Amino acid sequence: MAKQGGEGRGSGKVILLGEHAVVHGVPAIAVGLDRGAIAHARLLEGGPSELVIGGWSTKADDPSDLGLAFSSLLAKTETLAPVQVVAETALLASAGLGCSAALGVAITRALLDLRGEAKSADEVASLALAFEGPFHGTPSGIDTALAAQGGCLRFQRREEGPSIEVIALPSPLALAIGHTGRPASTRTMVEAVSALRAREPGLVDQAFRGTSALVDRAHRALISGDYRALGALLDEGQRLLSLLQVSTDEIETLCELARAHGALGAKLTGAGGGGCVIALVEGSPDPILEAWSRAGFSGFSTTISPSDEAR
Ligand code: PMV
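Rendered as structure tokens:
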């Protein structure tokens with residue numbers, strides 16, 4: 441029976457290594473953020489269903505990307521009765537922090553909760569992919585996996601469903617996250633990499649093989665708590681992402697500033713073309729955040745703690 445109201449949450453994420461390659465079946469490693477999205481759902485007397493995000497309303501029959509995302513999620517979750525969903529997020533949109541996935545997971549959980557259903561994190565992530573389509577085109581699923589589960593995950597897209605492994609961190613992982621100030625469309629960037637692969641398959645496949653090797657080494661570095669080794673791998677990951685032509689001048693500047701102010705390594709995170717960079721921090725993140733601020737970039741710091749595993 442339907443309840444008075446349903447509530448759901450989803451986490452933001454940053455990809456440590458493997459963005460873009462993960463769309464093409466290469467494994468990637470990402471961590472959940474302690475900021476994300478929350479959604480509340482209630483039944484309406486009549487349709488169409490409505491989604492309100494940050495006070496901005498979209499109807500399910502709206503032909504915008506958001507309207508399409510909402511209507512395809514309603515269909516996927518078999519939500520037949522008209523509903524109003526009110527969602528909020530603390531994540532910057534189009535910044536590589538998994539904002540749409542956090543919203544998709546939060547809304548999915550709120551819709552399920554409204555009818556008294558609870559599903560596993562894997563099932564929620566799979567349903568929430570319906571919300572990602574209009575923004576991502578061909579989402580790998582890594583964002584919704586992290587949004588649903590948090591922690592530190594190794595993720596690999598496969599035909600029969602993703603392979604997801606929880607990585608237990610032996611000690612806290614501290615990151616500074618800097619924003620280029622430019623939003624970027626994930627769908628456009630993913631399409632650009634696919635187009636580059638069609639033109640230069642040798643170059644792109646070599647970058648993907650290199651990424652796969654980096655992900656294996658990063659997995660070992662994370663398990664053993666060797667964050668200095670991990671930092672060098674992030675720098676190498678950034679070099680491979682530049683080869684894929686998804687880096688920008690602002691991204692390179694943010695990474696260089698971070699390295700010059702004590703970061704163990706730095707790279708773009710997410711689709712690139714703008715969005716955010718991550719810097720692996722040893723000690724205080726303040727010198728990096730201050731250097732970014734002096735150069736006109738905003739940023740924040742976060743710590744992924746071992747207790748965040750497999751929430
Ligand atoms: O949505 P973003 O910008 O966090 O990027 C997600 C990572 C990509 O590998 C570029 C796309 C995907 O679906 O995995």
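FYI, in my numbering the residues of the sequence shown are 441 to 751. Cβ atoms here follow ideal geometry from the backbone N, Cα and C, with glycine treated the same way. Bear in mind the structure is a predicted one, so any value in this text is a computation, not a measurement.
If you draw a straight line from the C-alpha of Leu473 to the C-alpha of Ala587, how long is it?
-> For the purposes of this step, residue 473 is taken as residue 33 along the sequence shown, with counting starting at 1. For the purposes of this step, residue 587 is taken as residue 147 along the sequence shown, with counting starting at 1. Leu473 and Ala587 have their alpha carbons spaced roughly 9 Å apart.
Might you give, ordered along the chain, the residues of its own chain that have their beta carbon closer than 6 Å to the beta carbon of Leu613, omitting 5 neighbours on each side?
-> Position 173 of the sequence shown, counted from the start, is the residue given in the question as residue 613. Annotation for Leu613: Ile744 place their beta carbon closer than 6 Å to its own, counting only its chain and skipping 5 residues before and after.
Buried or exposed (CB count within 10 angstroms, at least 16 for buried), Gln444 = Here the question's residue 444 lines up with position 4 in the sequence shown. Classification for Gln444: exposed.
Using three-state DSSP, classify His480 as helix, strand or coil.
-> Here residue 480 refers to the residue found at position 40 of the sequence shown. In this structure, His480 counts as strand in the three-state DSSP scheme.
So what's Thr498 in DSSP terms, helix, strand or just coil?
-> In the sequence shown, the residue the question calls residue 498 occupies position 58. Assigned with DSSP and collapsed to three states, Thr498 falls in strand.
How would you call Gln589, buried or exposed, if buried means at least 16 neighbouring beta carbons within 10 angstroms?
-> Position 149 of the sequence shown, counted from the first residue, corresponds to residue 589. Looking at its Cβ environment, which holds 16 or more other Cβ atoms inside 10 Å, Gln589 is buried.
How far does the alpha helix (DSSP H) with Lys516 in it reach, from first residue to last?
-> The residue labelled residue 516 in the question sits at position 76 within the sequence shown. 505-516 is the span of the alpha helix (DSSP H), which, as asked, contains Lys516.
Under the three-state DSSP convention, the category Glu605 falls into = The residue you call residue 605 lines up with position 165 of the sequence shown. If DSSP states are grouped into helix, strand and coil, Glu605 belongs with the strands.
Anyone know if the C-beta pair for Leu674 and Leu720 falls short of 9 Å?
-> What you label residue 674 is simply residue 234 of the sequence shown in a count that begins at 1. What you label residue 720 is simply residue 280 of the sequence shown in a count that begins at 1. Result yes, Cβ atoms of Leu674 and Leu720 sit closer than 9 Å.
What is the DSSP secondary structure of Ser738, counted as helix, strand or coil?
-> Mapped onto the sequence shown, residue 738 falls at position 298. When secondary structure is reduced to three states using DSSP, Ser738 falls in the strand class.
Kindly examine the ligand PMV and report whether one of its heavy atoms sits closer than 8 Å to the Cβ of Ser566.
-> Within the sequence shown, the letter at position 126 stands for residue 566. Flag unset: Cβ of Ser566 not near the ligand PMV.
Under the criterion of a Cβ to heavy atom distance below 8 Å, does Ala711 qualify as lining the ligand PMV?
-> Taking the sequence shown and counting its residues from 1, one reaches residue 711 at position 271. Yes, Cβ of Ala711 sits closer than 8 Å to a heavy atom of the ligand PMV.
With contact counted as at least three CB pairs below 8 Å, one residue from each stretch, are the stretch 450-467 and the stretch 709-726 in contact?
-> A contact is defined here as three or more CB-CB pairs under 8 Å, and the stretch 450-467 meets this definition with respect to the stretch 709-726.
Could you pull out every residue in the same chain whose Cβ sits closer than 7 Å to the Cβ of Gly486, ignoring the five residues on either side in sequence?
-> In the sequence shown, residue 486 corresponds to position 46, counting from 1. Same-chain partners within the cutoff: Pro522.
Do you know how far the Cα of Ala735 is from the Cα of Gly494?
-> In the sequence shown, counting from the first residue as 1, residue 494 sits at position 54. In the sequence shown, counting from the first residue as 1, residue 735 sits at position 295. Cα to Cα, the separation comes out at about 29 Å.
Does the ligand PMV have a heavy atom nearer than 8 Å to the CB of Val630?
-> Taking the first residue of the sequence shown as position 1, residue 630 is located at position 190. At a threshold of 8 Å, Val630 counts as near the ligand PMV, since its beta carbon sits closer than that to one of the ligand's heavy atoms.
Regarding Ser580 and the ligand PMV, is the C-beta to nearest heavy atom distance less than 8 Å?
-> By 1-based counting over the sequence shown, the position of residue 580 is 140. Yes, the Cβ of Ser580 comes within 8 Å of a heavy atom of the ligand PMV.
Pick helix, strand or coil for Asp656, following the three-state DSSP scheme.
-> Numbered from its first residue, the sequence shown carries residue 656 at position 216. When secondary structure is reduced to three states using DSSP, Asp656 falls in the helix class.
In the DSSP assignment, find the beta strand (DSSP E) that holds Ser451 and state where it starts and stops.
-> As a working mapping, residue 451 is identified with position 11 in the sequence shown. Its beta strand (DSSP E) spans residues 446-457.
Below 6 Å CB to CB, which residues in the same chain sit around Ala750 once its five sequence neighbours on both sides are set aside?
-> Taking the sequence shown and counting its residues from 1, the one referred to as residue 750 is at position 310. Because Ala750 sits at a pLDDT of 40, beneath the cut-off of 50, its placement in the model cannot be relied upon, and the point is left open.
Cβ of Ala481 within 9 Å of Cβ of Asp553?
-> Taking the first residue of the sequence shown as 1, we reach residue 481 at position 41. Taking the first residue of the sequence shown as 1, we reach residue 553 at position 113. Between Ala481 and Asp553, the C-beta gap is smaller than 9 Å, which places the two residues in contact.
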